[in-house]
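Numbering (this note's numbering), first residue to last: 8 to 238.
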């Protein structure tokens with residue numbers, strides 16, 4: 008949901024072929040520590056854990072992966088921004104909350120090509136014709152759609168043009184909140200994207216290097232999810 012934040016450059020990105028290497032982390036790495044979620048409640052073996060104090064607009068994003076049965080490891084943890092109104096279950100259009108809960112991560116997109124991405128990834132070309140529909144009156148609500156103004160079949164004034172949001176949408180992951188099906192007015196266009204040093208309108212924002220690392224690490228076969236919780 009739009010406005011993002013600045014990158015605290017916590018990871019140095021290097022790549023050999025399609026392999027992403029985490030070179031630097033800000034918070035201490037955990038070995039076999041107990042994950043902060045119930046492993047029995049997640050469908051796969053990759054969890055992006057986002058936590059922030061109640062009402063706070065910033066917190067931590069961590070990647071947890073299960074390498075062996077019942078053995079979870081935290082790969083890295085970095086600072087993250089969330090919505091200006093914090094993390095909440097009361098999410099909807101016109102609010103700046105990040106939705107609380109666990110949601111699938113099934114695809115990515117960006118203004119910059121990302122050949123290392125392992126999830127399906129759409130490169131948004133500079134024509135500015137790719138939109139995320141936030142018009143609650145439209146049957147296309149909370150979907151990606153391609154059209155040129157003024158011929159779009161929805162209200163572009165309340166929707167997001169993915170090609171114009173710079174640099175936040177250089178690389179992004181789609182959070183599958185309120186998508187299948189999409190309930191009108193319950194909130195739309197929630198992503199993990201690059202930050203610009205401030206709270207968001209509901210998205211999760213980290214440095215662009217971290218977004219690229221997630222895109223290169225998360226795999227459809229491992230059924231990745233994002234678990235967002237306030238403490």
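All residues carry an ideal CB built from backbone N, CA and C; glycine is no exception. Keep in mind that this is a model prediction, so the values were computed, not measured.
Range covered by the alpha helix (DSSP H) that runs through residue i
i	result
residue 218	215-224
Beta carbon of residue i nearer than 8 angstroms to that of residue j
i	j	result
residue 200	residue 176	yes
residue 55	residue 227	no
residue 234	residue 44	yes
residue 98	residue 193	yes
residue 159	residue 139	no
residue 89	residue 49	no
residue 151	residue 136	no
residue 103	residue 94	no
residue 117	residue 131	yes
residue 85	residue 112	no
residue 222	residue 124	yes
residue 161	residue 181	no
residue 87	residue 108	no
Per-residue DSSP class, three states only, for residue i
i	result
residue 41	coil
residue 106	strand
residue 96	coil
residue 164	helix
residue 9	Since pLDDT at residue 9 reaches only 49, below the 50 mark, its modelled position is unreliable, and the value read off the structure follows with that caveat. Coil, per DSSP.
Start-to-end residues for the beta strand (DSSP E) that takes in residue i
i	result
residue 54	53-59
residue 237	232-237
residue 80	78-88
residue 175	Premise fails: residue 175 is in no beta strand (DSSP E) and is neither H nor E.
residue 179	179-182
residue 49	Neither: residue 49 is in no beta strand (DSSP E) and is coded neither H nor E.
residue 193	Counting along the chain, residue 193 falls outside any beta strand (DSSP E), and DSSP gives it neither H nor E.
residue 198	198-201
residue 70	65-75
Presumed contact (8 angstroms Cβ cut-off) between residue i and residue j, rounded CB distance
i	j	result
residue 60	residue 237	7 angstroms
residue 143	residue 100	6 angstroms
residue 214	residue 170	Wrong, their Cβ atoms sit about 21 angstroms apart, outside the cutoff.
residue 141	residue 173	Contact flag wrong, Cβ pair sits at about 19 angstroms.
residue 219	residue 121	7 angstroms
- Task: Please go through the stretch 105-151 and give each complete alpha helix (DSSP H) segment of 4 or more residues, from N-terminal end onward.
- Result: As summarised for the stretch 105-151, there are no continuous alpha helix (DSSP H) elements at least 4 residues long confined to that stretch.
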